[in-house]
Structures are given as structure tokens and as C-alpha cells.
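Engineer: The sequence shown begins at 47 in my numbering and counts up by one.
The structure is given below, and queries will be raised subsequently.
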Amino acid sequence: MAEMMNEPRIFDKAVGELDFMVGKDRLVQESDLRNLNYIKACVKEAFRLHPIAPFNLPHVTTVESTVAGYLIPNGSHVLVSRLGLGRNPMIWDDPLAFNPDRHMTSDKNVMLTDNKLHTFSFSTGPRVCPGMLLGSTMATMLLARLVQGFTWELPPNEPQVDLEEKWDDLAKAKPLLAIAKPRLPYHLYPTW
Numbered sequence: 047m048a049e050m051m052n053e054p055r056i057f058d059k060a061v062g063e064l065d066f067m068v069g070k071d072r073l074v075q076e077s078d079l080r081n082l083n084y085i086k087a088c089v090k091e092a093f094r095l096h097p098i099a100p101f102n103l104p105h106v107t108t109v110e111s112t113v114a115g116y117l118i119p120n121g122s123h124v125l126v127s128r129l130g131l132g133r134n135p136m137i138w139d140d141p142l143a144f145n146p147d148r149h150m151t152s153d154k155n156v157m158l159t160d161n162k163l164h165t166f167s168f169s170t171g172p173r174v175c176p177g178m179l180l181g182s183t184m185a186t187m188l189l190a191r192l193v194q195g196f197t198w199e200l201p202p203n204e205p206q207v208d209l210e211e212k213w214d215d216l217a218k219a220k221p222l223l224a225i226a227k228p229r230l231p232y233h234l235y236p237t238w
């Protein structure tokens with residue numbers, strides 16, 4: 047949300063996709079996600095640029111391997127830098143820019159996994175994170191509902207969102223403060 051609020055063009059494109067594919071007469075549902083490629087691209091870009099943790103869980107090699115010209119002896123403890131992969135300038139053009147369009151490909155179906163290992167959101171391989179499908183679905187649904195359900199503005203005298211991160215846990219250094227206003231008919235909002 048913070049990255050999208052700093053880029054109104056990106057936010058408007060996500061709103062446009064939701065309005066076209068879902069409309070304003072009902073809330074987005076999980077069954078709609080297959081048609082929301084730009085929303086998925088926004089989530090994938092957020093996973094790339096702002097991973098949940100700086101490193102993956104440690105793994106121990108079972109055979110001697112060579113990766114990118116480096117010998118990895120059998121029994122080595124291997125940590126993969128999620129930040130290093132997602133912000134690698136040899137892989138990504140303008141790696142620090144939030145650009146969901148980089149994930150919009152000609153196959154027309156944005157996948158939140160990356161078999162080329164250019165990002166490392168949940169893990170990979172035969173022992174991929176068992177919560178990958180649930181986590182990526184929940185993140186996509188949450189973003190879709192927030193974008194569809196509300197117009198978002200920054201508080202007065204705030205020209206843009208401060209995206210500085212804390213290095214101990216990669217969270218935003220300052221909380222996101224935003225003004226949300228309903229943009230759908232009031233009967234669509236649950237009341238308790």
C-alpha cells in the first residue's frame with residue numbers, strides 16, 4: 047500500500063483493474079483473483095522489494111555443488127539473502143523502484159512464485175513453505191479488498207509515504223498513516 051500510494055499511476059491502474067474485472071456492486075472474492083493480474087503483480091513486486099525476512103531459513107547441502115562458479119562443499123550451511131536476490135541490479139532494471147509492470151508478461155497469468163529464483167518470497171524446491179498458497183492468497187485478497195473498498199489519501203502536509211525500513215526486521219521505520227474513505231455502496235461493508 048505504501049509503495050502504491052507513492053505512485054498514483056500504479057494505484058489507479060490497480061483500481062481500474064478491480065473496477066473492470068469485479069465492479070463496484072460486490073466485494074472482490076477469492077475466485078476473482080485469477081483475473082486480477084495487476085493486483086498479483088503489485089503483490090509480487092512487494093514481495094520482491096520488501097521481503098518478510100532478510101534471509102531464508104538455513105539449509106545444509108547434502109552434496110558438493112557449484113553455484114555461479116562458487117564451490118559449495120557437502121555439509122555447508124547455506125543462507126540465501128532475500129534482499130540480495132530481490133534488489134540485485136544484475137537481474138532487475140532499476141531494482142529499488144516499485145514497478146509491478148515488470149511482472150506483467152505475455153502469458154497473461156502472473157504467478158506469485160519464481161522458479162528462476164530471482165525472488166525468494168516463501169522458499170522453493172521440493173520442501174517449499176507449506177503456507178505459500180495460503181500466505182500469497184491472503185496477501186492478494188487483503189490488497190484487493192483495501193484497494194477496491196477505499197480511496198486512500200495521505201494526511202495533510204504529507205507529500206508522500208516515508209518508505210525507510212528498519213534493518214532489524216525490515217518493517218517500515220514509521221507506520222503508514224493514511225485516510226481511507228469508502229468508495230463502494232455502504233451495504234457492501236460488513237457491520238458488527
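Don't be surprised by glycine CBs; every beta carbon is placed ideally from N, CA and C.
Because the structure is a prediction, the values reported are computed rather than measured.
1) Three-state secondary structure (DSSP) at valine 193?
2) Who are the Cβ neighbours of arginine 72 in its own chain at under 8 Å, not counting the five residues just before and after it?
3) For arginine 133, which residues in the same chain have their Cβ closer than 6 Å to its Cβ, ignoring the five residues on either side in sequence?
4) Runs of 3 residues minimum, wholly inside the segment 57-111: which ones carry the beta strand (DSSP E) assignment?
5) Near valine 106, what residues of its chain come up, given a Cβ to Cβ distance below 8 Å and the 5 sequence neighbours on each side ignored?
6) Is the beta carbon of glutamate 49 closer than 9 Å to that of leucine 223?
7) Can you grab the Cα-Cα spacing for the pair arginine 128 / alanine 92, in whole Å?
8) Under the three-state reduction of DSSP, which class applies to asparagine 185: helix, strand or coil?
9) On a CA-only basis, which of Ala99, Gly62, Ile225, Lys212 is nearest proline 202? Give me that one, please.
10) Here's a check: name, in chain order, each residue in its chain whose Cβ is nearer than 6 Å to the Cβ of asparagine 81, leaving out the five neighbours to either side.
11) Among the residues of its own chain, which have a CB less than 8 Å from the CB of alanine 217, if the five just before and after it don't count?
12) Can you pull the DSSP bridge partners for serine 152?
13) Roughly how many angstroms separate the alpha carbons of tryptophan 213 and aspartate 65, rounded to a whole number?
14) In chain order, what residues of the same chain have a beta carbon less than 7 Å from the beta carbon of lysine 227, not counting five sequence neighbours either side?
15) Using 9 Å as the threshold, is the C-beta distance between valine 207 and methionine 51 below it?
16) Let me know the secondary structure DSSP gives alanine 114 once reduced to three states.
17) Only counting the same chain, and skipping five residues up and downstream in sequence, which positions put a Cβ closer than 8 Å to that of methionine 187?
18) Looking at the unbroken alpha helix (DSSP H) that takes in tryptophan 48, where does it start and where does it end?
19) The alpha helix (DSSP H) with leucine 158 in it runs from where to where?
Structural biologist: The short version:
1) Three-state DSSP puts valine 193 in a helix.
2) Cβ within range, chain order: Leu234.
3) Close CB contacts of arginine 133 within its chain, under the 6 Å cut and outside five residues either way in sequence, are with Pro141 (chain order).
4) Within the segment 57-111, no beta strand (DSSP E) run of at least 3 residues lies entirely inside it.
5) Within the same chain, valine 106 has close Cβ partners Gly121, Ser122, His123, Val124.
6) No, they are not a contact pair.
7) Note on geometry: alpha-carbon atoms of arginine 128 and alanine 92 lie some 12 Å from one another.
8) A small fix is needed here, since residue 185 is alanine in this sequence, not asparagine. DSSP places alanine 185 in the helix class (H, G or I) of the three-state scheme.
9) For the residues Ala99, Gly62, Ile225, Lys212, the minimum Cα distance to proline 202 belongs to Ile225.
10) Hits under 6 Å: Met67.
11) Hits under 8 Å: Glu211.
12) Looking at the DSSP output, serine 152 bridges to nothing.
13) Between the alpha carbons of tryptophan 213 and aspartate 65 lies a gap of roughly 37 Å.
14) Excluding its 5 nearest sequence neighbours in each direction, lysine 227 has C-beta neighbours in its own chain below 7 Å: Phe196, Thr197, listed in chain order.
15) Contact flag set, yes.
16) Of the three classes helix, strand and coil, the one that applies to alanine 114 here is coil, per DSSP.
17) Taken in chain order, the residues that qualify are Val74, Glu76, Leu79.
18) Checking the displayed sequence, the identity of residue 48 turns out to be alanine instead of tryptophan. Segment 48-52, the alpha helix (DSSP H) holding alanine 48.
19) First-last for leucine 158: undefined, no H or E at that position.
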